[in-house]
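In this text, residue positions in the sequence shown follow my numbering: the first is 53, and each later residue adds one.
Here the structure is laid out as structure tokens; the discussion comes afterwards.
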Amino acid sequence: MNRYTTLHASGDLAAREQLVKGAQKRLEYLARRMLRGFPNVQRFEGTDDVLQNALMRLFRSLEKIEPASTRELLSLAAVEIRRELLDLARHYYG
């Protein structure tokens with residue numbers, strides 16, 4: 053996955069998709085764990101729904117930010133998952 057980080061930094065747009073595909077399992081696990089911390093959201097949304105919306109946010113973030121490592125990519129993804137969960141919590145509970 054580090055190779056795709058380098059390609060993305062050099063401007064290869066297809067590398068962005070490969071970055072996310074390479075981290076898919078980790079991101080799904082991360083979304084599942086983070087969703088447990090929001091039991092009120094978990095009543096209405098599943099892991100896949102949260103992850104899909106967070107991935108759309110991640111793609112938009114990757115247009116502006118170039119992660120230098122896999123760790124930075126996963127950190128950015130965690131931020132986007134958390135933002136999605138907070139927005140969903142606001143949506144359902146004001």
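Using N, Cα and C, we set each Cβ at its ideal position, and we do this for glycine too.
- In this structure, the straight-line span from the alpha carbon of Asn92 to that of Thr122 is close to 31 Å.
- Between the alpha carbons of Leu114 and Tyr144 lies a distance of about 28 Å.
- In the three-state scheme derived from DSSP, where H, G and I count as helix and E and B as strand, Pro91 is classed as helix.
- DSSP places Phe111 in the uninterrupted alpha helix (DSSP H) bounded by Thr99 to Lys116.
- If you ignore the 5 residues before and after Ala83, its C-beta comes within less than 8 Å of the C-beta of Thr99, Val102, Leu103, Ala106 and Ile133, all in its own chain and listed in chain order.
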